[in-house]
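Asks:
Number of protein chains: 2
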Amino acid sequence: MNIVIDAFGGDNAPLEVLKGASQAQKDFNIDITLVGDEKTIKKCATDNGVDISKLIIKHADTVIDVCEEPTNVIKSKKDCSMAVGMKMLSDGEGDAFVSAGSTGALVVGATFIVKRQKGIKRPALATILPTAGNPVMLLDSGANADCRPEMLVQFAIMGSAYMNKILRVESPKVCLANIGAEESKGRDLELETYIQLKSAPVNFIGNIEARQIPMGDCDVVVTDGFSGNLLLKLYEGMAKFFAGELKGILTKDFKSKLAAFMVLGNVKEFRKKVDYSEYGGAPLLGTAKPVIKAHGSSNAKAFYNAIRQAKQFTETKVIDEISSAIESMKEA
Amino acid sequence: MNIVIDAFGGDNAPLEVLKGASQAQKDFNIDITLVGDEKTIKKCATDNGVDISKLIIKHADTVIDVCEEPTNVIKSKKDCSMAVGMKMLSDGEGDAFVSAGSTGALVVGATFIVKRQKGIKRPALATILPTAGNPVMLLDSGANADCRPEMLVQFAIMGSAYMNKILRVESPKVCLANIGAEESKGRDLELETYIQLKSAPVNFIGNIEARQIPMGDCDVVVTDGFSGNLLLKLYEGMAKFFAGELKGILTKDFKSKLAAFMVLGNVKEFRKKVDYSEYGGAPLLGTAKPVIKAHGSSNAKAFYNAIRQAKQFTETKVIDEISSAIESMKEA
Numbered sequence: 021m022n023i024v025i026d027a028f029g030g031d032n033a034p035l036e037v038l039k040g041a042s043q044a045q046k047d048f049n050i051d052i053t054l055v056g057d058e059k060t061i062k063k064c065a066t067d068n069g070v071d072i073s074k075l076i077i078k079h080a081d082t083v084i085d086v087c088e089e090p091t092n093v094i095k096s097k098k099d100c101s102m103a104v105g106m107k108m109l110s111d112g113e114g115d116a117f118v119s120a121g122s123t124g125a126l127v128v129g130a131t132f133i134v135k136r137q138k139g140i141k142r143p144a145l146a147t148i149l150p151t152a153g154n155p156v157m158l159l160d161s162g163a164n165a166d167c168r169p170e171m172l173v174q175f176a177i178m179g180s181a182y183m184n185k186i187l188r189v190e191s192p193k194v195c196l197a198n199i200g201a202e203e204s205k206g207r208d209l210e211l212e213t214y215i216q217l218k219s220a221p222v223n224f225i226g227n228i229e230a231r232q233i234p235m236g237d238c239d240v241v242v243t244d245g246f247s248g249n250l251l252l253k254l255y256e257g258m259a260k261f262f263a264g265e266l267k268g269i270l271t272k273d274f275k276s277k278l279a280a281f282m283v284l285g286n287v288k289e290f291r292k293k294v295d296y297s298e299y300g301g302a303p304l305l306g307t308a309k310p311v312i313k314a315h316g317s318s319n320a321k322a323f324y325n326a327i328r329q330a331k332q333f334t335e336t337k338v339i340d341e342i343s344s345a346i347e348s349m350k351e352a
Numbered sequence: 021m022n023i024v025i026d027a028f029g030g031d032n033a034p035l036e037v038l039k040g041a042s043q044a045q046k047d048f049n050i051d052i053t054l055v056g057d058e059k060t061i062k063k064c065a066t067d068n069g070v071d072i073s074k075l076i077i078k079h080a081d082t083v084i085d086v087c088e089e090p091t092n093v094i095k096s097k098k099d100c101s102m103a104v105g106m107k108m109l110s111d112g113e114g115d116a117f118v119s120a121g122s123t124g125a126l127v128v129g130a131t132f133i134v135k136r137q138k139g140i141k142r143p144a145l146a147t148i149l150p151t152a153g154n155p156v157m158l159l160d161s162g163a164n165a166d167c168r169p170e171m172l173v174q175f176a177i178m179g180s181a182y183m184n185k186i187l188r189v190e191s192p193k194v195c196l197a198n199i200g201a202e203e204s205k206g207r208d209l210e211l212e213t214y215i216q217l218k219s220a221p222v223n224f225i226g227n228i229e230a231r232q233i234p235m236g237d238c239d240v241v242v243t244d245g246f247s248g249n250l251l252l253k254l255y256e257g258m259a260k261f262f263a264g265e266l267k268g269i270l271t272k273d274f275k276s277k278l279a280a281f282m283v284l285g286n287v288k289e290f291r292k293k294v295d296y297s298e299y300g301g302a303p304l305l306g307t308a309k310p311v312i313k314a315h316g317s318s319n320a321k322a323f324y325n326a327i328r329q330a331k332q333f334t335e336t337k338v339i340d341e342i343s344s345a346i347e348s349m350k351e352a
């Protein structure tokens, strides 16, 4: 197996990418290809004492910036690390791709270079969120601002397959994000999606109000990419807000700091629970081969986990599972 | 001034309504009218020792349930406490209305009984959220699932007027909730709204990603009622999730409990900061007279604060301010 990783994606590239990839190669005993400027990669490794002798390097001249037009990845920036890495997948030289670079460019590249799996209308960005209970997968969390009902149904199928194969959730509970629990709630998109989900090959349990998402009441929440992106980012923002408040509570004065020392273990446990890097990255579901979007601020640990996730994604054949479900719908 | 309150709205009605109203009447020296079944109100007051001797009672036969079709408030349930209370406003017998009952029914009633202010396309539910900085107003947080750009522009005007007059924010910073900061981000709704907001009589500072909302970077966030409702409810859900986690951190074992005792004051301060009841309720902006939606689980303190808010809303003439801004746009 060859996991291809964009060595120049994210705020901490390439150093943290190299560190994570080097460790992952040792632990998982797989091929890992770093894509990007060869000289810079080698110099960075040498300067920081990172052993990349077992990693493969695939040279790419440029890097696509997060501020650039996403479509550049298939136009003026065909030679960027992201495009070159994805081309390896479509050429059969790699099995999965990981990047912490521009989400927009990754979606465009995945759609037009890696290509969609047969029957899938749009790939969706699927994010796994911590909750008071089990983690929940939210999709689409930002790939498609405008969606049609049949796309949301496919998201439900893809999310269920992933949660079942990778997180080993038996018959994942699927909900539709909505402004009320009743079937009559929502916009035309939700009304029609609700009807279609009832007969889809997923364990659809109804609408979910956003209030319930952090309670861990279900395993997969489907919504359009605009709403999903608002939800995902508010989730992150609230986590940051509360982490700040918690810090305030535990550092206000000498007594608070003493108390902080006494609950340090519990705080660490909480931090681990809400730490995105534990979950690796967000899989882009619906592409012909696994593509993982790592968080823009990923550190070595996050890249390491994203590579593990890419490996699992490949091994468990989630994509075949999705294909079967899509086929079964056509036959029905 | 006569503040009219639905004595039968919310999970804790009528007792908590009576308690809050009784205290508010004493402190604010205004007329307060309780709307609902007279016998039940009197019995509840007597049974619980609440002094309602200075409050006016307006009898209403029935109550509209949160599960009912919202339009019932203007059809089969014209005699419910919510409808009767709002009728008082349109008949000039009251100055503002407060209810913790069905949001849907309140929106319908406010639109068709109290009626919209001149020039306003749709009333919006405006919620004030705590942040790491100053509180932010989010609207529409649930009155209109589908919105057009000109409606969002009006929401910006209404939110600005409210934040300026009631929370005394000088030139409130207005943002459009979006999936990216750049002007080119979002759906057609956001693209067109962005253009219109640039020339609207508000201090528009651009798009805001949901991640930044809890940071308190701006004063007013506008969005459609579907997105706004998801954001509002996730805000609530995350607050609950973290309150639970905080409790876990501080009660896990004996040492944690001891630490909890040491930071009790700080925790209380944090709780107060994120406690919705401190802010009263959510004003419905765009109606001919002030209408406040109190939280469904409001206690006496929340009703008390909602009444204070209704009083301020009336005194500060927010509605006139909104009218002037709408007029100025027509002239421009």
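If you read the sequences in order, they're chains Y and W.
To convert a position in the first sequence, counted from 1, into this note's numbering, add 20.
To convert a position in the second sequence, counted from 1, into this note's numbering, add 20.
All C-beta atoms in this analysis are idealised placements derived from N, C-alpha and C, irrespective of residue type, glycine included.
#1: By alpha-carbon positions, which one of 322(Y), 59(Y), 111(Y), 153(Y) ends up nearest to residue 134(Y)?
#2: Tell me which residues share the same chain as residue 357(Y) and place their Cβ nearer than 6 Å to its Cβ, disregarding the 5 neighbours each side in the sequence.
#3: Is the shortest distance between the beta-carbon of residue 175(W) and the beta-carbons of chain Y less than 9 Å?
#4: Counting contacts by CB-CB distance shorter than 9 Å, is residue 255(W) in contact with chain Y?
#5: Please confirm if the segment 267 to 281 of chain W is in contact with the segment 226 to 234 of chain W, defined as three or more CB-CB distances below 8 Å between the two stretches.
#6: Taking 9 Å as the threshold (beta carbon to beta carbon), is residue 286(W) in contact with chain Y?
#7: Please list the partners that residue 206(W) has in chain Y, where partner means a Cβ-to-Cβ separation under 9 Å.
#8: Using a beta-carbon distance below 9 Å, is residue 230(Y) in contact with chain W?
#9: Could you tell me which whole alpha helix (DSSP H) segments of length 4 or greater appear in the segment 145 to 229 of chain Y?
#10: Looking at the C-beta of residue 83(Y), does it have a partner C-beta in chain W at a distance below 9 Å?
#11: Closer than 9 Å, Cβ to any Cβ of chain W: which residues of the segment 85 to 103 of chain Y, in chain order?
#12: Strictly under 9 Å for the Cβ-Cβ distance: is residue 249(Y) near chain W by that measure?
#13: Strictly by DSSP, which residues pair up with residue 68(Y)?
#14: State yes or no: is the C-beta of residue 181(Y) within less than 9 Å of the C-beta of residue 245(Y)?
#15: Which residue's Cα is closest to the Cα of residue 284(W): 289(Y), 266(Y), 291(Y)?
#16: What residues from chain A crowd round residue 282(Y), counting only those whose CB sits closer than 9 Å?
#17: With a threshold of 16 other CB atoms inside 10 Å of the CB of residue 36(Y), please say whether the residue is buried or exposed.
#18: Would residue 77(W) and residue 55(W) qualify as a contact pair, given that the criterion is a beta-carbon distance under 9 Å?
#19: Which value, in whole angstroms, describes the spacing of the CA atoms of residue 332(W) and residue 114(W)?
#20: Helix, strand or coil for residue 142(W), going by three-state DSSP, please let me know.
#21: I'd like the list of long-range same chain contacts for residue 60(Y), defined as Cβ closer than 7 Å, with 5 residues on each side in sequence excluded.
#22: Cβ of residue 351(Y) less than 9 Å from any chain W Cβ?
#23: Distance, Cα to Cα, residue 281(W) vs residue 286(Y)?
#24: Between which two residues does the beta strand (DSSP E) holding residue 116(Y) run?
#25: Under 9 Å between beta-carbons, which chain Y residues line up against residue 213(W)? List them in chain order, please.
#26: Grouping DSSP H, G and I as helix and E and B as strand, with all else coil, what is residue 86(W)?
#27: Taking residue 173(W) and residue 216(W) to be in contact with their CB atoms under 8 Å, please state how far apart those CB atoms are, rounded to whole angstroms.
#28: Under 8 Å Cβ-Cβ, which residues of chain W neighbour residue 258(Y)?
#29: If you follow the beta strand (DSSP E) that residue 346(Y) is part of, which residue opens it and which one closes it?
Replies: Short version:
#1: 111(Y)
#2: Here chain Y covers residues 21 to 352 and nothing more, so residue 357(Y) does not appear.
#3: no
#4: yes
#5: no
#6: yes
#7: 165, 246
#8: yes
#9: 169 to 185, 208 to 218
#10: no
#11: 87, 89
#12: yes
#13: Note: residue 68(Y) sits in no beta bridge, so no partner.
#14: no
#15: 266(Y)
#16: Note that chain A does not occur in the displayed structure, where the protein chains are Y and W.
#17: buried
#18: yes
#19: 15 Å
#20: coil
#21: 34
#22: no
#23: 16 Å
#24: 116 to 119
#25: In chain order: nothing, as chain Y lies at least about 13 Å away.
#26: coil
#27: 5 Å
#28: 234, 254, 255, 258, 259, 262
#29: Segment 338 to 351 is the alpha helix (DSSP H) holding residue 346(Y); no beta strand (DSSP E) there.
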